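To start, the structure itself, in structure tokens.
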Amino acid sequence: MPFDRVKVEPVGRSTRYDDKDQPVSADGWTCRSYSQNKDGVPGLPVVIYIFGDNLIRVMMICGTITSVEVNLALLLFGDHGHLLKSDAEIIAALALLEEMLDQISIKRNPATKQTWIFKSIELGWNFPGPFSFFEARVAPARHRWVRRPAQLTRGQAFKFDGENFALKFYDKGRLLKRCGEGGSSTAPMTRVEVVLKGKKLREVTGLNGPVETISFADACSWLRHCVELLDVPDAVKTAGEVDRLAELCLLADRDRYFPNGRRVFDLLTDGACAKSAYRLRKRMAALQPMLDQWKWSNLFPANSWPPPHEL
554 MPFDRVKVEP
564 VGRSTRYDDK
574 DQPVSADGWT
584 CRSYSQNKDG
594 VPGLPVVIYI
604 FGDNLIRVMM
614 ICGTITSVEV
624 NLALLLFGDH
634 GHLLKSDAEI
644 IAALALLEEM
654 LDQISIKRNP
664 ATKQTWIFKS
674 IELGWNFPGP
684 FSFFEARVAP
694 ARHRWVRRPA
704 QLTRGQAFKF
714 DGENFALKFY
724 DKGRLLKRCG
734 EGGSSTAPMT
744 RVEVVLKGKK
754 LREVTGLNGP
764 VETISFADAC
774 SWLRHCVELL
784 DVPDAVKTAG
794 EVDRLAELCL
804 LADRDRYFPN
814 GRRVFDLLTD
824 GACAKSAYRL
834 RKRMAALQPM
844 LDQWKWSNLF
854 PANSWPPPHE
864 L
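Following this line, the structure appears as structure tokens:
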């Protein structure tokens, strides 16, 4: 689905205690308690619950759940190769999470419906094809929210790492094989993944307050928006003014933007000497192949969503 791993706060949940006034133990859960000490002064009591191999991680402070980190797709399907593909699956995954939390916590008001506050979300989708296909296109690109180029990790992942934001491309097929879930017949698969939290989450969702609900359509829209800001032509920008003007002219021609019925190139070269017009035309010709090479917006067309590619 467009979102897998999330960090949420289940509103109104408290620690479940046993008859010895200790946090309960439950099958599959490990529990650790400590105190947030600072400068030698005893702090707030903290309880950490972990289910499975970090599938669910719960933090409780002063008897109240403050955050839950979970991979919803992995929780619902039991493997790393499936995606949440509908509102019904999102609801089912959250319902299963609520059932799991019931083992170690209680709702202060059992009659109310469980509500959530999303603090961090991981948006992602799988595409057929080898990682090398994306690698050649990601390497020269830049993202408008990240100053630095993508960092290549172990030759199998590109990551744009910004403040409260990350965009990652990696070899999903290789990951599945490493997890023991993909065999020799597993088709090549590349994952596009975005992490949003804090201010960037609020910016992308357009909400001033907390994010309390997420629909499949919302997640698709947010993922599309984040990827569209990654563009090869923007990466071509250098300190040279001619390159920036050449890109401006190319983008205007591509988008059929003609102020007063004239090309932007003609407006910029009006009154310019022949040499300046020639230099601008030459840079446009050099940048044109990159402009036509790849459009990231084509990954997620506005009028349709790409079919799911799963294990």
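Using this note's numbering, the letters of the sequence shown map in sequence onto residues 554 to 864. Positions of the beta carbon are idealized from the N, C-alpha and C atoms, including for glycine. Everything numeric in this text was worked out from a predicted model, so none of it was measured.
Secondary structure of residue i, DSSP reduced to three states
i: Pro778; result: It should be pointed out that residue 778 corresponds to His in this sequence rather than to Pro. Residue state, collapsed to three classes: helix.
i: Val699; result: coil
i: Leu833; result: helix
i: Thr766; result: coil
i: Val559; result: strand
i: Arg566; result: strand
i: Gly726; result: helix
i: Phe604; result: strand
i: Pro861; result: coil
i: Asp784; result: strand
i: Val789; result: With a pLDDT of only 45 at Val789, under the threshold of 50, the placement of this residue in the model should not be trusted; the figure read from the coordinates follows. Correct three-state label for Val789: coil.
i: Lys712; result: strand
i: Asp571; result: coil
i: Cys773; result: helix
i: Phe811; result: coil
i: Phe718; result: strand
Whether residue i touches residue j by CB criterion (8 Å)
i: Asp784; j: Trp849; result: yes
i: Pro563; j: Ile618; result: yes
i: Leu628; j: Leu654; result: no
i: Trp678; j: Leu647; result: no
i: Leu798; j: Leu821; result: yes
i: Val745; j: Leu754; result: no
i: Lys730; j: Thr743; result: no
i: Gly631; j: Phe604; result: no
i: Thr665; j: Met613; result: no
i: Val559; j: Val623; result: yes
i: Glu734; j: Gly634; result: yes
i: Ala719; j: Phe713; result: yes
i: Leu776; j: Leu625; result: no
C-alpha distance - residue i paired with residue j, whole-angstrom precision
i: Leu864; j: Phe680; result: 11 Å
i: Asn682; j: Pro861; result: Per the sequence shown, the amino acid found at residue 682 is Gly instead of Asn. Their backbone Cα atoms lie some 13 Å apart in a straight line.
i: Ser658; j: Ile674; result: 23 Å
i: Phe722; j: Arg585; result: 35 Å
i: Phe818; j: Gln841; result: 14 Å
i: Ala830; j: Glu800; result: 14 Å
i: Ala825; j: Gln704; result: 41 Å
i: Ser578; j: Val748; result: 32 Å
i: Thr791; j: Leu852; result: Note that Thr791 scores a pLDDT of 42, beneath 50, so its modelled location is shaky; the value from the coordinates is reported in the next line. When rounded, the distance between both Cα atoms is 26 Å.
i: Asp557; j: Val795; result: 43 Å
i: Arg816; j: His696; result: 27 Å
i: Arg701; j: Pro812; result: 34 Å
i: Val621; j: Arg661; result: 17 Å
i: Met554; j: Asp574; result: With a pLDDT of 49 at Met554, under the threshold of 50, the predicted position of this residue should be treated as unreliable, though the coordinate-derived value follows. Using only the alpha carbons, I get a separation of about 40 Å.
i: Pro786; j: Arg690; result: Confidence in Pro786 is poor, its pLDDT being 47 and thus under 50, which makes the residue's placement unreliable; the coordinate value appears in the next sentence. Going from the Cα of Pro786 to the Cα of Arg690 covers about 11 Å.
i: Phe769; j: Lys752; result: 21 Å
i: Gln656; j: Pro598; result: 20 Å
i: Gln589; j: Gly596; result: 5 Å
i: Leu803; j: Ala692; result: 21 Å
Identify every run of the alpha helix (DSSP H) within the region 614–682, keeping only runs that are complete inside it and at least 4 residues long; order them along the chain. 625–630 and 640–655
The region 628–641 in contact with the region 563–581 per 3-pair CB rule at 8 Å: no
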